[in-house]
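Engineer: The structure is given below, and queries will be raised subsequently.
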Amino acid sequence: MSVLDKVRKLKATRPQGGGESRLRGIFHQWKDGDNPIRLVGEFVEVRTHFVAPAPKRGERGLCIPTAFQGDNKLPQVVNCLNWDVATEEEKAEHTCPICKLHAIAVAALKENPDEDEKKFFDKLRQETNPRPSLKWNIIDREDPHVLSTEGDKETKILGLKIATVGMEAWGDIEGIFEQCGFDITDPVDGVDIKVNRGHNGTRVCYSAQAVIEGTSLKVTPMTDEEKALKPNDLKIICGKMVDSQRMVDALHDDLRQIYDFNVEEAEAAAPAEEAKADAPADAKAEAPAKAEAPVKGAASKKEEAPEKDEKQALDDAISEDGDDDGLMGGADDAQKKS
Ligand SMILES: [Zn+2]
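For the sequence shown, my numbering gives the first residue as 1150, with consecutive numbering after it.
Quick look at the structure:
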């Protein structure tokens, strides 16, 4: 292949070309109260883990605070490695260390734990539970702009943002779809909805309803300008995987010990789940191999990985998600149940 061919091929495989790859502010953040939005196109379902400490809630989190600082910082919300964002299905091979901790906690709770152990593993079970949510392109009716950066010049342009819709809000949105009986994302016949971010006394909660004008639905045909907006590639932008070993390394010491110790235990004790991995006689020898598996996945993803600015934006967004305790927080269940 000639150099030019390679250059062209590389260009063609980039998710977005030129100026468009330098968009900032594409991640929508729900504010308190009503958020009027228009849903655009199809959503992508993701599964995530909130792995950072949450000082506001007095939670130490799964990982050490220093893992979220510096150049090579871990995102506060990581994609579950057992979930395939491309196909939106659970993967056949389970390599997610956080889900492994979850399985260990569930197993420990079945073994007649004492009071302290029960408390510890109950919390661990809740903290490690993968959270489903939907990533959706939206028009933010209150601020439909994103930032386009060219050199050191930054301009506000009309653009679609990416919203994270948790299952609580989704329950309402699904209801709106049902009540309306048509595709509310339709460019011509679609309607705006408002997502409300509130607090029920113990935690942040979300609800959604269609925007009403007078006594009927407010139909909001998209303008030509809005129709021409390029949707963000949700699978690429929201499908970034963190290497499994990086997650394991960042765990609090006691959790990493539980993880290390129980990798062998869990494999020996639960052949049903691990049998298909066809473990060699020495389970310990297999553990590192398993840990490496997602690296390959990550490597192949890197070929179409976003540009650096997007990567930064993604990290920022993930931090934003991290603060968004109602949607992504690992401690919601804990708070509900305690
Ligand atoms: Zn997981």
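Every residue, glycine too, gets a C-beta built ideally from N, C-alpha and C.
Kindly indicate the opening and closing residues of the alpha helix (DSSP H) around Lys1267.
Structural biologist: Along the sequence shown, read from residue 1 onward, the residue named residue 1267 stands at position 118. Per DSSP, Lys1267 belongs to the alpha helix (DSSP H) from Glu1264 to Thr1277.
Engineer: Roughly how many whole angstroms lie between the Cα atoms of Arg1274 and Leu1378?
Structural biologist: For this step, residue 1274 is matched to residue 125 along the sequence shown. For this step, residue 1378 is matched to residue 229 along the sequence shown. When rounded, the distance between both Cα atoms is 42 Å.
Engineer: The beta strand (DSSP E) that contains Lys1259, what's its start and end?
Structural biologist: Taking the first residue of the sequence shown as position 1, residue 1259 is located at position 110. Taken as a continuous stretch (DSSP letters only), Lys1259 belongs to no beta strand (DSSP E), as it is neither H nor E.
Engineer: Drop a sphere of 10 angstroms on the beta-carbon of Arg1346, count the other beta-carbons inside from all chains shown, and report buried for 16 or more, exposed for fewer.
Structural biologist: As a working note, residue 1346 is residue 197 in the sequence shown. Its Cβ being crowded by 16 or more others within 10 Å, Arg1346 is buried.
Engineer: Use the C-beta contact count for Met1390: other C-beta atoms within 10 angstroms, 16 or more gives buried, fewer gives exposed.
Structural biologist: Locating residue 1390 in the sequence shown gives position 241, counting from the first residue. Buried.
Engineer: Is Asn1349 near ligand 1, with its Cβ less than 7 Å from a heavy atom?
Structural biologist: Translated into positions along the sequence shown, residue 1349 becomes position 200. Every heavy atom of ligand 1 is 7 Å or more from the Cβ of Asn1349, so no.
Engineer: Taking the DSSP output, what are the residues bridged to His1348?
Structural biologist: Translated into the one-based positions of the sequence shown, residue 1348 becomes position 199. His1348 is bridged to Val1353.
Engineer: On the three-state DSSP scale, how would you describe Leu1307?
Structural biologist: For this step, residue 1307 is matched to residue 158 along the sequence shown. Note: Leu1307 maps to strand in three-state DSSP.
Engineer: Tell me whether the beta-carbon of Asn1278 lies closer than 8 Å to the beta-carbon of His1243.
Structural biologist: Start at 1 with the first residue of the sequence shown, and residue 1278 comes out as number 129. Start at 1 with the first residue of the sequence shown, and residue 1243 comes out as number 94. Cβ atoms of Asn1278 and His1243: not closer than 8 Å.
Engineer: Helix, strand or coil, according to DSSP, for Leu1400 in the structure here?
Structural biologist: In the sequence shown, residue 1400 corresponds to position 251, counting from 1. In the structure shown, Leu1400 sits in a strand (DSSP, three-state: E or B).
Engineer: Measuring CB atoms only, is the stretch 1170-1184 touching the stretch 1332-1346, in the sense that at least three cross pairs come out at less than 8 Å?
Structural biologist: By the Cβ rule, the stretch 1170-1184 counts as touching the stretch 1332-1346, because three or more pairs are nearer than 8 Å.
Engineer: Can you give the Cα-Cα distance for Cys1212 and Gly1388, rounded to whole angstroms?
Structural biologist: Working through the sequence shown from its first residue, we reach residue 1212 at position 63. Working through the sequence shown from its first residue, we reach residue 1388 at position 239. Those two C-alpha atoms are separated by around 21 Å.
Engineer: If Phe1270 sits next to Pro1262, beta carbons under 8 Å apart, how far is it from one beta carbon to the other, in whole angstroms?
Structural biologist: Here residue 1270 refers to the residue found at position 121 when the sequence shown is read from its first residue. Here residue 1262 refers to the residue found at position 113 when the sequence shown is read from its first residue. Between Pro1262 and Phe1270 the Cβ distance is about 6 Å, and since that is below 8 Å, they are a contact.
Engineer: What do you reckon, is the C-beta of Pro1279 under 7 Å from a heavy atom of ligand 1?
Structural biologist: By 1-based counting over the sequence shown, the position of residue 1279 is 130. Pro1279 Cβ: within cutoff of ligand 1.
Engineer: Alpha carbons only, please: which of His1294, Leu1366 and Asp1265 is nearest the one belonging to Gln1328?
Structural biologist: Numbered from its first residue, the sequence shown carries residue 1328 at position 179. If we check each option's Cα against that of Gln1328, Leu1366 comes out closest.
Engineer: Within 10 angstroms of the Cβ of Gln1406, are there 16 or more other Cβ atoms? Answer buried if so, exposed if not.
Structural biologist: For this step, residue 1406 is matched to residue 257 along the sequence shown. Exposed: under 16 other Cβ atoms inside 10 Å.
Engineer: Any heavy atom of ligand 1 inside 7 Å of the beta-carbon of Ile1253?
Structural biologist: As a first step, residue 1253 must be located in the sequence shown, where it is residue number 104. Ile1253: no, Cβ never under 7 Å from ligand 1.
Engineer: Can you list, in chain order, the residues of its chain with a C-beta nearer than 6 Å to that of Ile1306? Leave out the 5 residues immediately preceding and following it.
Structural biologist: The residue you call residue 1306 lines up with position 157 of the sequence shown. Cβ within range, chain order: Ser1297.
Engineer: Among the residues of its own chain, which have a CB less than 6 Å from the CB of Ala1312, if the five just before and after it don't count?
Structural biologist: For this step, residue 1312 is matched to residue 163 along the sequence shown. Closer than 6 Å at the Cβ level, and outside the excluded window around Ala1312, lie His1177, Trp1285 and Ile1287.
Engineer: Can you tell me whether Phe1192 is buried or exposed? The criterion is at least 16 other CB atoms within 10 Å of its CB, across all chains shown.
Structural biologist: Locating residue 1192 in the sequence shown gives position 43, where the first residue counts as 1. So Phe1192 counts as buried.
Engineer: Between the beta-carbon of Ala1254 and the beta-carbon of Glu1266, is there less than 8 Å?
Structural biologist: Numbered from its first residue, the sequence shown carries residue 1254 at position 105. Numbered from its first residue, the sequence shown carries residue 1266 at position 117. Result no, Cβ atoms of Ala1254 and Glu1266 do not sit closer than 8 Å.
Engineer: Can you tell me where the beta strand (DSSP E) holding Asp1338 begins and where it ends?
Structural biologist: Counting from one through the sequence shown, the residue named residue 1338 turns up at place 189. Where Asp1338 is concerned, there is no enclosing beta strand (DSSP E), because DSSP gives it neither an H nor an E.
Engineer: Could you pull the start and end residues of the beta strand (DSSP E) that Trp1285 belongs to?
Structural biologist: Position 136 of the sequence shown, counted from the first residue, corresponds to residue 1285. In this chain, the beta strand (DSSP E) harbouring Trp1285 covers Arg1280 to Asp1289.
Engineer: What does a CB cutoff of less than 8 Å around Ala1235 pick up in its chain, not counting 5 residues either side in sequence?
Structural biologist: Translated into the one-based positions of the sequence shown, residue 1235 becomes position 86. Taken in chain order, the residues that qualify are Lys1384 and Gly1388.
Engineer: Closer than 7 Å by C-beta to Leu1230: which residues in its own chain qualify, once you throw out the five before and the five after it? Chain order, please.
Structural biologist: Translated into positions along the sequence shown, residue 1230 becomes position 81. Thr1244, Cys1245, Met1390, Ser1393 and Pro1443, listed in sequence order.
Engineer: Can you name the residues that DSSP bridges to Ser1365?
Structural biologist: Here residue 1365 refers to the residue found at position 216 when the sequence shown is read from its first residue. Answer by DSSP bridge pairing, in chain order: Glu1362.
Engineer: Mind checking which residues open and close the alpha helix (DSSP H) that includes Leu1383?
Structural biologist: For the purposes of this step, residue 1383 is taken as residue 234 along the sequence shown, with counting starting at 1. Following the DSSP letters along the chain, one finds Leu1383 inside the alpha helix (DSSP H) bounded by residues Leu1383 to Ile1386.
Engineer: Going by DSSP in three states, Pro1380 sits in which element: helix, strand or coil?
Structural biologist: As a first step, residue 1380 is located in the sequence shown; it is residue number 231 there, counting from the start. Here Pro1380 sits in coil by DSSP.
Engineer: Judging by CA-CA distance, which residue of Lys1302, Lys1205, Val1397 and His1401 is the nearest neighbour of Leu1172?
Structural biologist: Along the sequence shown, read from residue 1 onward, the residue named residue 1172 stands at position 23. Shortest Cα-Cα distance from Leu1172 to any of Lys1302, Lys1205, Val1397 and His1401 involves Lys1302.
Engineer: Roughly how many angstroms separate the alpha carbons of Asp1233 and Glu1276, rounded to a whole number?
Structural biologist: The residue labelled residue 1233 in the question sits at position 84 within the sequence shown. The residue labelled residue 1276 in the question sits at position 127 within the sequence shown. About 21 Å.
Engineer: Beta-carbon within less than 7 Å of Pro1380's beta-carbon, same chain only, minus the 5 sequence neighbours each way: which residues are those?
Structural biologist: To locate residue 1380, count along the sequence shown from 1; it is residue 231. Val1189, Gly1190, Asn1286 and Leu1309.
Engineer: Could you tell me whether any non-hydrogen atom of ligand 1 is closer than 7 Å to the CB of His1401?
Structural biologist: For this step, residue 1401 is matched to residue 252 along the sequence shown. No, since every heavy atom of ligand 1 falls outside the 7 Å radius drawn around the Cβ of His1401.
Engineer: On the DSSP letters alone, give me the boundaries of the alpha helix (DSSP H) that Ile1322 sits inside.
Structural biologist: What you label residue 1322 is simply residue 173 of the sequence shown in a count that begins at 1. Its alpha helix (DSSP H) spans residues Met1316 to Cys1329.
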